[in-house]
Amino acid sequence: MKTPTGHRPRLRGRRDLVVSLSVVVLLVACVLAGRLLLDDAALRPNSAPRLLPPGPEHPLGTDHLGRDLFTRVVKGLALSLGIGVLTAAISTVISAVLGICAALLGRRVDAFVSWLIDLSIGIPHLIFMILLAFTVGGGIPGLVAGIAFTHWMSLALLVRADVKQIRDAEFILVSRGLGRSPLFIARRHVLPLVLPQLLVGFVLMFPHVILHEAALTFLGFGFPPQTPAIGILLSEGMPHISSGMWWLAVFPGLALLLLVLGFARLGDRVRAVLDPATSNA
Numbered sequence: 001m002k003t004p005t006g007h008r009p010r011l012r013g014r015r016d017l018v019v020s021l022s023v024v025v026l027l028v029a030c031v032l033a034g035r036l037l038l039d040d041a042a043l044r045p046n047s048a049p050r051l052l053p054p055g056p057e058h059p060l061g062t063d064h065l066g067r068d069l070f071t072r073v074v075k076g077l078a079l080s081l082g083i084g085v086l087t088a089a090i091s092t093v094i095s096a097v098l099g100i101c102a103a104l105l106g107r108r109v110d111a112f113v114s115w116l117i118d119l120s121i122g123i124p125h126l127i128f129m130i131l132l133a134f135t136v137g138g139g140i141p142g143l144v145a146g147i148a149f150t151h152w153m154s155l156a157l158l159v160r161a162d163v164k165q166i167r168d169a170e171f172i173l174v175s176r177g178l179g180r181s182p183l184f185i186a187r188r189h190v191l192p193l194v195l196p197q198l199l200v201g202f203v204l205m206f207p208h209v210i211l212h213e214a215a216l217t218f219l220g221f222g223f224p225p226q227t228p229a230i231g232i233l234l235s236e237g238m239p240h241i242s243s244g245m246w247w248l249a250v251f252p253g254l255a256l257l258l259l260v261l262g263f264a265r266l267g268d269r270v271r272a273v274l275d276p277a278t279s280n281a
């Protein structure tokens, strides 16, 4: 029996989603397993095997302090995953709260949220992140705040637009007529309808926050220098490229690129399945 032509793109989209999700789950599982299984002793400075190229004993070589680069890359990816989940979740919550409030609580709140979004978008992104990181006090809290509070604006605009389309729906008008509070309406009626948008936004935001975490740590913000963060590995490896020690920067960069592309592809597939009208897939 032939599949109707109109169903083929949908089936293909679901198949691509399963493939993308499987790749990401496998990648994350390998990173987390390596984080647990690899010995932290390989992260300690060792005077003997400094700047060794990739080989059987050290698959990705060693750095200028004799530390195993494979162990540092795996633990750096695990750290990026943790920071990415935390910051993307905070940004998604901010987007949901401000987007729903702007659409439900009247013109003044809408005008204030719109002004806040315009102000935030108008500040250069990297400068805004660094400014917030310094304001919070630096360190890991500053890194999380700098990333989380600079990635909510686009998703908040989408949530606000979605809620405006449904705020005059009959079931919401009936709920208002029964004396339900805006908080009740937002929690019981609006939030379930915008959850798919929030899910897509979270997944699409994830690779961006990972990249910006690497950018901030590359510039020296957030983690101590001995921390095996991808940005720190890139910062340490870049000066050695001209000396022929390419593995110090190439492998951390490829690992970061693989992680980012995996989640970006997954986000596109999730959007294509949940909202085909806004997807080119």
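In the UniProt record's numbering, the protein residues as written are 1 to 281. Cβ atoms here follow ideal geometry from the backbone N, Cα and C, with glycine treated the same way.
Close-in-space but distant-in-sequence residues of the same chain around residue i (CB under 8 Å, 5 per side omitted)
i    : result
L191 : A96 and I100
L157 : G99 and I117
A78  : V31, L32, G34 and R35
Opposing strand residues paired with residue i [DSSP bridges]
i   : result
T62 : D68
7 Å CB neighbourhood of residue i in its chain, flanking five on each side removed
i    : result
A186 : I100 and L104
G66  : P45, N46, S47, A48, P49 and R50
L52  : H58, G61 and T62
H208 : H151
P182 : L104 and L105
K2   : Any reading at K2 must be qualified, since the residue scores a pLDDT of 49, below 50, and its modelled position is unreliable; the value itself is stated next. Within the same chain, K2 has no close Cβ partners at all.
Pairwise C-alpha distance: residue j and residue i
i    : j    : result
P225 : P196 : 39 Å
L132 : G146 : 5 Å
L233 : L21  : 28 Å
F251 : L257 : 10 Å
G122 : S91  : 18 Å
F112 : R167 : 19 Å
W115 : R160 : 13 Å
G34  : L173 : 53 Å
A255 : A264 : 14 Å
K164 : G84  : 30 Å
V24  : C30  : 10 Å
R14  : W247 : 37 Å
V109 : P59  : 56 Å
L126 : P141 : 17 Å
T150 : H212 : 10 Å
L43  : H189 : 51 Å
P179 : G76  : First, the amino acid is wrong: residue 179 is Gly here, not Pro. Near 52 Å, if we compare the C-alpha coordinates of G76 and G179.
P239 : V74  : 22 Å
A235 : V136 : The residue you asked about is not Ala; residue 235 is Ser in the sequence shown. Rounded to whole angstroms, S235 to V136 spans 24 Å at the Cα level.
L143 : G222 : 5 Å
D162 : V194 : 7 Å
V19  : A102 : 37 Å
G138 : F128 : 14 Å
Presumed contact (8 Å Cβ cut-off) between residue i and residue j, rounded CB distance
i    : j    : result
I230 : A214 : 5 Å
I210 : L259 : 6 Å
A148 : T87  : 4 Å
L17  : V273 : 5 Å
Own chain partners of residue i with C-beta closer than 6 Å, once the 5 adjacent residues on each side are dropped
i    : result
V270 : V200 and V203
G267 : V203 and L204
W152 : S91, I94 and S95
For this session: Just list the beta strand (DSSP E) runs in the segment 112-174, keeping only unbroken ones of 3 residues or longer that don't cross its boundaries, in chain order.
Result: Taken in chain order, no unbroken stretch of beta strand (DSSP E) lies wholly in the segment 112-174 with a span of 3 residues or more.
Exercise. Which full runs of the alpha helix (DSSP H) of 4+ residues lie inside the segment 20-106, going along the chain?
Worked result: 69-104
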